[in-house]
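250 is the number of the first residue of the sequence shown in the numbering used here; add one for each residue after it. Think of the CB as a built atom: it goes at the ideal place given N, C-alpha and C, for glycine as much as any other residue. Note that the structure is a prediction, hence the values are computed from the model and not measured. The structure appears below as structure tokens.
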Amino acid sequence: MFRVLLISILLALVSGLTVNATVPVPSLKPGVESAATAVRTPGRSPGARYFEGRTPFPVLKPKAMVKPARKPVIVIDPGHGGTDPGAIGARGTYEKNITTSAANELAARLRKSGRYKVIVTRRNDSYVDHDDRLRIARMGQADLFISIHADSAGNKKVRGASVYTLADRAKGRSKRIVNNQNWILDVDLSEQSDPVGDILVDLAQRKTESQSDAFAKILLKELRGKTVLVANSHRRAGYYVLLAPDVPAVLLELGFLSNAQDEKLLRTKAHRTKILSAVERAIDAYMAQN
Ligand SMILES: [Zn+2]
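Right, dumping it as structure tokens:
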């Protein structure tokens with residue numbers, strides 16, 4: 250009797266295992282992939298919903314797949330570098346050295362705050378192509394891109410900081426880059442014919458432009474009183490690093506290396522700290538608004 254009981258218990262266990270093994274175990278990965286596809290192409294084959302409808306029980310997202318609250322990404326771009334020294338100062342200061350120091354000091358400040366994910370396009374004295382600087386910003390999903398430079402002018406008396414945002418006239422160039430490099434914007438261009446694609450670039454650009462302008466204004470407000478500003482300190486230009494239509498971007502000129510006083514100041518960490526703490530306050534204020 251005991252032996253029969255034991256055998257039936259074993260049989261029950263084995264059959265239980267077999268039943269368990271045939272229960273379809275939903276794979277979580279395809280659902281997530283479909284969800285990503287559905288986000289990219291709204292209105293087309295919502296694969297995620299179809300997949301979930303066929304699963305016998307609700308799919309729980311494992312922890313790793315739940316999107317964590319994301320820190321804003323700040324990309325800092327020290328101008329020039331390597332074979333490109335940039336402007337050369339009255340006393341022989343290389344712009345690339347000032348921008349490297351300023352970028353690394355700003356990155357350290359922002360990282361210390363713990364509020365941001367910080368990416369620097371180059372850390373040491375190396376040459377980074379303009380395309381690569383933009384690629385780093387876009388791949389890092391930058392919320393803000395700050396290119397750091399120091400100015401130079403024929404008139405040695407001109408001094409002060411300024412902030413550049415993208416000029417209207419450069420927007421055609423921006424569209425060409427999007428098309429040539431097959432960038433995918435938040436608005437998906439792949440299914441669109443060219444004229445519609447252009448409108449979508451315009452839409453992305455308009456939002457980015459107003460964000461860049463907003464940051465430039467805040468930044469100048471914070472810089473005022475901390476360092477000398479040039480007349481018309483908010484300027485517009487077609488600088489390549491400002492061309493990404495979906496990354497709010499400014500180019501900060503710290504001062505004029507061609508001016509002896511500015512050059513002397515920019516070589517000191519204390520003066521750079523004054524400027525960079527204003528930049529940090531501007532980033533905080535901008536991020537609080539967005
Ligand atoms: Zn420069």
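Limits of the unbroken alpha helix (DSSP H) element including Asp511: Taking the first residue of the sequence shown as 1, we reach residue 511 at position 262. Note, Asp511: alpha helix (DSSP H), 509 to 515.
Cβ neighbour criterion (16 or more within 10 Å) applied to Ser507: Looking up residue 507 in the sequence shown gives position 258. Buried.
Alpha carbon of Arg484 to alpha carbon of Ala465, nearest angstrom: The residue labelled residue 484 in the question sits at position 235 within the sequence shown. The residue labelled residue 465 in the question sits at position 216 within the sequence shown. Those two C-alpha atoms are separated by around 9 Å.
Inter-residue spacing [alpha-carbon to alpha-carbon] between Val369 and Lys405: Here the question's residue 369 lines up with position 120 in the sequence shown. Here the question's residue 405 lines up with position 156 in the sequence shown. Cα to Cα, the separation comes out at about 31 Å.
Same chain only: Cβ atoms within 7 Å of Tyr489, ignoring 5 sequence neighbours per side: In the sequence shown, counting from the first residue as 1, residue 489 sits at position 240. Only His379 meet the Cβ criterion.
Same chain only: Cβ atoms within 8 Å of Arg387, ignoring 5 sequence neighbours per side: Stepping through the sequence shown from its first residue, residue 387 is reached at position 138. Closer than 8 Å at the Cβ level, and outside the excluded window around Arg387, lie Trp432, Ala493, Asp495, Val496.
Three-state class that DSSP yields for Ala318 in the structure shown: The sequence position of residue 318 within the sequence shown is 69, counting from 1. Three-state result, Ala318: coil.
Three-way DSSP call (helix, strand, coil) for Gly331 in this model: Translated into the one-based positions of the sequence shown, residue 331 becomes position 82. Correct three-state label for Gly331: coil.
Secondary structure of Val450, DSSP reduced to three states: Within the sequence shown, residue 450 is the residue found at index 201, counting from 1. Correct three-state label for Val450: helix.
DSSP state of Thr414 mapped onto helix, strand, coil: Indexing the sequence shown from 1 puts residue 414 at position 165. Three-state DSSP puts Thr414 in a strand.
Contacts around Ala519, its chain only, beta-carbon distance under 6 Å, and the 5 residues preceding and following it disregarded: One-based indexing of the sequence shown puts residue 519 at position 270. Once the five neighbours on either side are set aside, Ala519 has no close Cβ partner at all.
Distance cut-off 7 Å: Ala336 Cβ against heavy atoms of ligand 1: Residue numbering aside, residue 336 sits at position 87 when the sequence shown is read from its first letter. Flag set: Cβ of Ala336 near ligand 1.
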